[in-house]
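Protein chains in written order, with this note's numbering: chain A, 3 to 601; chain B, -19 to 668.
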Amino acid sequence: MDASAKPAAEKEIDPMLLSIMANRVDGIVREMTNTLLRASRSAVIASARDMSCAIVTGDNELLATAEGLPVHIFGSHLQTISMQKLHPDLAPGDAFLHNDPYMGNTHPADHTILVPVFVDGEHMFTVCAKSHQADTGNATPTTYTPYAKDVYEEGGLIFPCVRVQRDYKMIDDIVRMCRRRIRVPDQWYGDFLAAIGSARVGERRLIEFCRKYGKDKVRSYIAQWIDYTENRTIQAIKKMPKATIKHSGAHDPLPGLPEGVPINCSIEIDPEEARIEIDLRDNIDCLDNGFNVCEACAINNSIAGIMNCLDPDIPRCHGVFRRVTVLLRDGAVVGRTKFPHSASIATTNVGDRLVNLTQSALAQLGDGYGLAEGGVGMGAGWAVVSGKDFRQDGEPYINQLFVGGNGGPASPTADGWLTYGIPVAAGLIYRDSVELVEVKHPLHMKSVRLHPGTCAPGKFRGGPGAELIYGPKRDPMTVAIPCDGQVFPPKGVNGGHDSPGARTFKVKRDGSEERLPGVAQVTLEPGEWLRGIDNSGGGYGKPVERDPRRVLHDVAEKWETVERAREVYGVVLEEDESPLGYAIDEAATATLRQSMAAG
Amino acid sequence: MRYKISVDTGGTFTDVVVQDDQGRVVIGKSPTTPDRIFEGMRGALSDAASALGITLASLLGDAELLIYGTTRSTNAIVQGTVAKTAFLSTLGFPDILVTREGGKFGPHDFSYDFPKPYVARRHTFEIVERISSEGEVVTPLDEAQARSVVRRLKAEGFEAAAVSFLWSIANPVHEKRMGEILAEEAPEIAVSFSHILVPIVREYRRASTTAIDASIKPLMQNHLRGMQSDLRAAGFKGNVFVSTSAGGCTYVDDIVEKPIHTVKSGPAMAPVAGRAFAAMEKLGSDVIICDTGGTTFDVGLVRDGELKYTRETWLGGQWMGHLMAMASVDVRSVGAGGGSIAWIDEGGLLRVGPMSAGSVPGPVCYGQGGDKPTVTDAALVLGYIDPDYFLGGRMKLDMAGARQAVGTLAKELGAEVEKTAHAILNVANEHMINAIQDITVAEGFNPAEAVLVAGGGAAGLSIVPIARELGVKTVLVPRTAAALSASGMQFSDIVFEESGNRVTVSGRFDSAGVNAVLEEIDGRLTRAFNELTVAEGAETRREYTVEARYLTQVWELDATLPVDRFHSDADVEQMVESFHRAHERVFAVRDETGQVECLNWRGRMTVQLASREMAREAPRAAESRVAAERTSYFGEGAVSVPIYRGDELAIDQDIAGPAIIEEPTTTLVIYPGSTARLTAGGNYVIQL
């Protein structure tokens, strides 16, 4: 066993009880998640599900995460470490608000509520409820400030693990501060209450759990569960070949950064020692903008990329960290962000690229390993819209849409997931209903359709991107689009093709189109439209190796054309009377594929 | 003698429950015959008739009511044997059924493909038209284009069409006109319209529901009409009703227009039964209902005597399957049952499921080729099941095979066979405990204050430890536990439900608009009631609910309307208070200052059809008799346990655990520390 493992608990529990107790704790996280999801106000939490809950042990080891977003949960223990360091007087009834990216949080828009759980005076667990706020009081009306040169220009309130409840009572000073500085304060307060409610539910259930089994057994369970997760990770790594992989990627160019934001990693896989080490130290220094990826996001996203390629049944808990480690550098663009550099959009953009970087690096091990790159960029479908609503006496509105979405990466066994979103969301996020979007905002959607011919080909193909067209109904509307993947589209691996790339256009009244930069903010007058095309995920493996029946199905379902089936996949189709409308010409396909493979 | 018959045709068995006018109840069972459903029904009816000591002809001749429940539609959807269906959508929005609403299981799992849409993309047709969210015509319906699409449908042999346009709920003019064109050009195509079937906001839910409904219309029309005429031919002269997913029943003529209401109607009946049995035994009006099958475990809820409804019923699993958004009895299913397979993962942990041996090959002990240890095998090893008295002795179980299979796992775990079997049951129980907690917790419902009604053949094996884990004090196992859904139909009422949409906010409440919607709902309910020919003078009840949320919230909650029309600010305040209470119950917080946004309005009319009593048991022996002793295991080594046969028990006498009670179709394991008694109603009440 690893040296960092705690001394063996007094009494071992049998694997049956271990399974039951783990299941129970997982149920507690799900109950917390349900409370947070359903009671929250803002669309970004309740509709998009941009939130996560986790349970961390009293000694700051991640224990349970249920279905939390990958970008959120691997770093929860960093936040609980700061809670213990800053508050030696921790007591039952405390609750803390933590959104400090320099101290373990993901980015300032993610408000995390931490509640230490005490049993008979002993600090056994900390429960964490994290949710992306609709607003956090930034200088401009958005939670993503790509061009803020530092935290001051970003302007939002930072809470470095600040106590908001003592003896289960609200510390109103903090609430008053927030209500003064956060836009649409009632919306924020509703989300704040939902997070506290969620954490308190977790606290109550964990205390019941300890009462039922007794603290000794609970301690044994914690130790053994983390060991179990470690063992599962060991098993998975032992199946991999020994290798050191160097890999690079980049975010699209930004003003002042014509080459984009380069990112590098070196991954060492040691199956004998059953360890994977991700070295992110060879990266440029922090940027004077909001794209810096802070410590929590750097760990979360690089590990998420690895986890995407391991047995998905491995529980996400501290046992994984004993075997998969990340080396970071102070002051690097992906690393420990140096104060006062801004990490405003740390969770997405460059953060998304980091997930793609590690998962596609593993594809270098050969067929069967790793993933292609997933679709990146919060394009037209994920833009922040704002303006005044003529239907509500001109009241202002601001919200992030979740209508479109990029396609997912192809894997060694499956095509890319269709409602993938972005790498850090990994398909977990919900889509908005077009009708609800039109009720909530004075805008008209002209079309939302999957864009044919955008699927990056491969033995397994990327998920297609969507095309959206929308515009204001009566008054001007401002649209902020923090997109990526327009210049450097997601890449395919092992012979799989790249995505054709995302694009955004402003459609003028005369119907002419103006291509917009990736990160853009435009004001649309009535009669003008925004048209966006999202990214496909990258393909995996050579298209000529794709199962011809999959190609046939793609053509029948209009993801692909007969021409591309022939030219890209080497599959010759003929129209016929079958339900799919085509048949595979086996002989012609074999000949064509042979010549393509040769040439 | 007059009889009331309920028939539940499952995928494998057809269950029949017959009640006479004295309240006497018998069960009949026969294999389902999918090709001609009446064959299997006749078998089960004959079985029941002989239990009553009469002929099938006199049972059918003297029956005044037959309630029919079917899995025909559910199976057709799952197996993909529905009609060739077209999806007609608004221009620009062809992928509503493809993309659904997002969500995915397994954040790091990229091993599986995105699920296919309910209607293929190549069967989706965009119609040139658009209504705005305010109900204005933005793009008029292009009649020529619409007509050419319909001609194409006809030429390509489509049998059904689902019409679901954006904002048809705000202004149905285009859906209506599309219907006229379809009727003119292709009257043979079965059509469903979203604004009629399920007038709610959110285009995916409306389209999916409409598509499912259209796709099963042709087959359900044939199926139900065929069943009805076969019944008539066999001499049945009474009324035929069909049970629905709303937990009630309705006329064949109604249901063939909206056949989606038959989907999952079987599971919806279990809570109806649970509510009736709990009331009969005076065990209160908060009830958790569990129905254990061979491969699934269903949970439902009754609060204050009211069934819990949902507008989110997934066919084929959440996110991966297809959504039905009409209000249905909320029944959550998890894949856990007697057939769930136990295994050990790479980290050495014992797991049960999600793989199942199903009924074929089934558990190892069935001797039909199954070679992986299942929950049923574990129960056999523990001595809970008598290998010679399974299904009343109709099937011999292979104890040696079960022990060997469980033994393989035991060796790997380094534990005894019995201890391993006990662990398998406990791990399996976890899935069921989770399922119960998911539904109760999501409703702010405390299981400790409820009675748990257990049904299904395997109900009695584990229900005591499950109930104990949830803090439940009382468990009720009805005498017809093995046919809980069919029993539920015996207690079901005729239920009509109508809904309408009017988005408004409490601060600027549109009383006139809402009243108009309620008026429309009432009108439709009254028309439906007037068409009823039975149940004259029966008690009727109307209830109204609103699906509402705090302004800027995203998910709605159901709040009961305290008034049937809004005449004053006080009426609106009462509605707001009703919403605050619902929110507080579910989420433990209320926001007094928050405005309430109302979206969808619903009216439900219940016409009471059934008496809610069953007959008392005939007098029994004064003393319960122990039929046998058997060695069983409850985690702490072997104990000798008394075995009772159900028909040899005295009424109201406590039997202390450990003990096992065997009925022909179910087995009750009374764990140490609990006591069971047979009530005068013929049901078992277990106290924990």
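Cβ atoms here follow ideal geometry from the backbone N, Cα and C, with glycine treated the same way.
- In the structure shown, His154/B adopts helical secondary structure according to DSSP, grouped into three states.
- Interface criterion met: the Cβ of Val407/B is under 7 Å from a Cβ in chain A.
- Within the DSSP bridge table, the entry for Lys171/A names Arg168/A as partners.
- With a contact defined as Cβ atoms closer than 8 Å, Gly464/A and His453/A miss out at about 12 Å.
- Its Cα nearest to that of Pro239/B, the residue Ala191/B stands out among Phe370/B, Met260/B, Ala191/B and Ala496/B.
- Take the alpha-carbon of Asn401/A and the one of Lys96/B: they are about 31 Å apart.
- Its Cα nearest to that of Ala382/B, the residue Leu362/B stands out among Met375/B, Ala395/B, Leu362/B and Tyr369/B.
- The shortest C-alpha to C-alpha distance from Leu464/B to any of Ser486/B, Glu449/B and Ala438/B is the one to Ala438/B.
- For Thr13/B, the nearest beta carbon of chain A is not closer than 7 Å to its own beta carbon.
- Here the alpha carbons of Gly77/A and Glu297/A stand approximately 8 Å from one another.
- For Leu531/B, the secondary structure class from DSSP, reduced to helix, strand or coil, is coil.
- Note that the stretch 405 to 422 of chain A does not touch the stretch 389 to 397 of chain A; fewer than 3 beta-carbon pairs, one per stretch, sit closer than 8 Å.
- Taking a 10 Å sphere around the C-beta of Asp91/A, we find fewer than 16 other C-beta atoms and assign the residue as exposed.
- Taking all protein chains shown into account, Trp147/B has 16 or more neighbouring C-beta atoms within 10 Å of its C-beta and is therefore buried.
- Taking the Cβ atoms as the reference, Val336/A lies roughly 5 Å from Leu282/A, within the contact range of under 8 Å.
- In this model, Asn202/B and Pro14/B are separated by some 13 Å (Cα to Cα).
- The Cβ atoms of Thr421/A and Thr79/B sit closer than 7 Å to each other.
- Interface with chain A (7 Å Cβ-Cβ cutoff): Ser91/B is included.
- Going by C-alpha positions, Thr12/B is about 7 Å away from Met21/B.
- In this structure, Gly321/A and Thr231/A form a Cβ contact; the two beta carbons are roughly 3 Å apart against a cut-off of 8 Å.
- Between Trp419/A and chain B, the shortest Cβ-Cβ separation is below 7 Å.
- Note that the stretch 536 to 555 of chain A touches the stretch 359 to 379 of chain A; at least 3 beta-carbon pairs, one per stretch, sit closer than 8 Å.
- Excluding its 5 nearest sequence neighbours in each direction, Thr37/A has C-beta neighbours in its own chain below 8 Å: Ala196, Gly199, Ser200 and Val203, listed in chain order.
- Following the DSSP letters along the chain, one finds Gly23/B in no beta strand (DSSP E) but inside the alpha helix (DSSP H) bounded by residues Ile17 to Leu32.
- Going by DSSP, Gln402/A is part of no alpha helix (DSSP H) but of the beta strand (DSSP E) stretching over Glu397 to Gln402.
- Taking a cut-off of 8 Å for Cβ pairs, the stretch 144 to 158 of chain B and the stretch 172 to 182 of chain B touch, as three or more such pairs fall below it.
- Neighbours of His253/A in chain B, taken as residues whose beta carbon is under 8 Å from its own, are absent, since the nearest beta carbon is some 22 Å off.
- Rounded to the nearest whole angstrom, the C-alpha separation of Asn62/A and Pro118/A is 11 Å.
- Taking 8 Å as the upper bound on Cβ-Cβ separation, chain A lies near residues Leu71, Gly72, Phe73, Pro74 and Asp75 of the stretch 54 to 75 of chain B.
- Note: Asp(-12)/B is bridge-paired with Asp(-5)/B and Gly49/B in the DSSP secondary-structure output.
- Under DSSP, the beta-bridge partners assigned to His446/A are Gly473/A.
- Going by C-alpha positions, Ala135/B is about 44 Å away from Ala337/B.
- Boundaries of the beta strand (DSSP E) harbouring Arg283/B: Phe277 to Arg283, taken from the DSSP string.
- Buried is the label assigned to Asp137/A, since at least 16 other Cβ atoms lie within 10 Å of its Cβ.
- Closest by C-alpha distance to Ala539/B, out of Glu564/B, Leu405/B, Val279/B and Asp549/B, is Glu564/B.
- Cβ-Cβ distances below 8 Å link Val556/B to Ser486 and Val576 in the same chain, with the five nearest sequence neighbours on each side left out; the list follows chain order.
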